[in-house]
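Right, one structure below, let's go through it.
Numbering (my numbering), first residue to last: 2 to 379.
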């Protein structure tokens, strides 16, 4: 398919790339890039656009492209737009800088084309196809830029979590040693606060690492053993009441409920749900916790945690298990030091057990239902 604009871009490629480089040089990054690095894959991106302009396009393909549903080969990680995005991400360009580069390239082409004799009598559809091709390249670049940034963020969090373990362990061991030596009551109380703060830091670090594992696609690691889940839940409720003496928790469960579970992670999920109910419940009301069999043949169990308070809109219920989200109804004091990962971790524990967790809120009661199969086979 003949295209006057395609021929024009091919004939003026060096000038267009030079103008794009001139713009890219104005972007401030940590280490300035030379002309070779700034040129990067810009010529190849232009070649892809030229090829697109010369390719026949059906009405259905035109609609698909306009809706952002580009062909799979365009999104290939080895495409010029993808490689360009990875290079820019590693060079310190922001995503706004990346998009601005494409805007500058688009402007350079259209400005030069408007001033050229070849534009006289040219098909207007060429401009539309060119803009579609640029938008397609932008979409691919943004996708791979975002994935690269997420990858490096996950690596950073993993290294940070690993490196923080050593000094935190030293702090905890030293604090415990001081607590055994402290004879004076004020000193002993101060050391105990230090130990409690260290334990809180360790919990926050654990949650951060769980979040990071999930973002990297590793998931929550569970070790199933035959356990009495009723007894494990009773023990966790007892621990929670020691740390929240003002809370009232009504626990209902059968005398025993056996199954193949990772008791430690389920206790953590229960703790997160109860603490969440305590944070967001109406003052003076209790928290209900029920452990029960589920399914026609009792092949699953359910842990239901409920509290009374302001109803939660349905649109917020759907977002509560997303990471790094905090409820809008908790006090600043309760939320201080929170990462907003409690319910996200519950969802990861449920997923690791091949179970589910869901929330509903009506008539002043909010319920979280954690459903887990009693065996891996189920």
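Ideal Cβ positions, reconstructed from N, Cα and C, are used throughout, including at glycine.
Whether residue i touches residue j by CB criterion (8 Å)
| i | j | result |
| --- | --- | --- |
| residue 230 | residue 258 | yes |
| residue 205 | residue 149 | no |
| residue 356 | residue 342 | no |
| residue 103 | residue 139 | yes |
| residue 46 | residue 98 | no |
| residue 6 | residue 94 | no |
| residue 134 | residue 43 | no |
| residue 296 | residue 376 | no |
| residue 294 | residue 302 | yes |
| residue 143 | residue 80 | no |
| residue 92 | residue 137 | no |
| residue 266 | residue 350 | yes |
| residue 180 | residue 193 | yes |
| residue 16 | residue 113 | yes |
Residue i (DSSP reduced to helix, strand or coil)
| i | result |
| --- | --- |
| residue 363 | strand |
| residue 203 | helix |
| residue 12 | helix |
| residue 148 | helix |
| residue 56 | coil |
| residue 374 | strand |
| residue 369 | strand |
| residue 357 | strand |
| residue 80 | coil |
| residue 323 | coil |
| residue 19 | helix |
| residue 42 | coil |
| residue 176 | helix |
| residue 29 | coil |
| residue 34 | coil |
| residue 165 | helix |
| residue 186 | helix |
| residue 342 | coil |
| residue 1 | For the chain, the structure presents residues 2 to 379; residue 1 sits outside this window and is missing. |
| residue 4 | coil |
C-alpha distance - residue i paired with residue j, whole-angstrom precision
| i | j | result |
| --- | --- | --- |
| residue 83 | residue 128 | 23 Å |
| residue 11 | residue 124 | 17 Å |
| residue 189 | residue 182 | 9 Å |
| residue 73 | residue 60 | At residue 73 the pLDDT is 46, less than 50, meaning the model places this residue with poor confidence; the figure from the coordinates comes in the next sentence. Each residue's Cα considered, the two are about 18 Å apart. |
| residue 41 | residue 119 | 29 Å |
| residue 290 | residue 255 | 12 Å |
| residue 274 | residue 316 | 19 Å |
| residue 18 | residue 25 | 10 Å |
| residue 292 | residue 226 | 18 Å |
| residue 35 | residue 23 | 11 Å |
| residue 380 | residue 321 | A question about residue 380 goes unanswered here, because the residues of the chain that appear run from 2 up to 379. |
| residue 115 | residue 90 | 33 Å |
| residue 14 | residue 63 | 25 Å |
| residue 359 | residue 165 | 34 Å |
| residue 251 | residue 239 | 11 Å |
| residue 339 | residue 173 | Only weak support exists for where residue 339 lies, its pLDDT of 49 falling under 50; the value from the coordinates is given anyway. The straight-line gap from Cα to Cα measures roughly 21 Å. |
| residue 272 | residue 299 | 24 Å |
| residue 21 | residue 147 | 22 Å |
| residue 278 | residue 178 | 36 Å |
| residue 122 | residue 109 | 20 Å |
| residue 101 | residue 85 | 13 Å |
| residue 328 | residue 282 | Because the pLDDT of residue 328 is 48, which lies under 50, any placement of that residue in the model is unreliable, and the question is left without a value. |
| residue 234 | residue 96 | 47 Å |
| residue 65 | residue 58 | 10 Å |
| residue 198 | residue 152 | 31 Å |
| residue 462 | residue 371 | Lying outside 2 to 379, the shown extent of the chain, residue 462 is not represented and no answer is given. |
| residue 185 | residue 168 | 26 Å |
| residue 145 | residue 253 | 50 Å |
Nearest neighbour of residue i, chosen from the options [CA to CA]
| i | options | result |
| --- | --- | --- |
| residue 200 | 170, 353, 151, 227 | 170 |
| residue 232 | 345, 142, 23, 264 | 264 |
| residue 157 | 195, 104, 209 | 209 |
| residue 268 | 288, 236, 280 | 236 |
| residue 388 | 309, 347, 270 | An answer regarding residue 388 cannot be provided, because it is not within the stretch 2 to 379 covered by the chain. |
| residue 276 | 142, 256, 266, 308 | 308 |
| residue 319 | 107, 161, 362 | 362 |
| residue 48 | 65, 8, 25, 57 | 8 |
| residue 310 | 365, 350, 378, 147 | 365 |
| residue 246 | 288, 262, 207 | 288 |
| residue 353 | 91, 299, 223 | 223 |
| residue 175 | 195, 186, 207, 283 | 195 |
| residue 406 | 368, 85, 207, 358 | Absent from the model: residue 406. The displayed extent of the chain is 2 to 379, so no value can be given. |
| residue 228 | 234, 262, 281, 113 | 262 |
| residue 207 | 161, 126, 4 | 161 |
Near the ligand ADP: residue i beta-carbon under 7 Å from a heavy atom
| i | result |
| --- | --- |
| residue 226 | In terms of ligand content, the structure shown is empty, and the ligand ADP therefore cannot be addressed. |
Cutoff 8 Å: residue i Cβ touching any chain D Cβ
| i | result |
| --- | --- |
| residue 130 | In the structure shown, chain D does not exist; there is a single protein chain. |
### Message
Suppose only complete runs of 4+ residues qualify. What are the alpha helix (DSSP H) ranges in the region 223 to 287, listed by chain order?
### Response
Here the runs fully enclosed are 230 to 244, 264 to 281.
Checklist entry - Whole beta strand (DSSP E) runs in the region 283 to 316 with 3 or more residues, listed along the chain? => result Runs of the beta strand (DSSP E) inside the region 283 to 316: 288 to 295, 301 to 309.
Whole runs of the beta strand (DSSP E) within the region 87 to 131, excluding any shorter than 3 residues = Counting only runs of 3 or more residues that sit fully inside the region 87 to 131, no beta strand (DSSP E) segment turns up.
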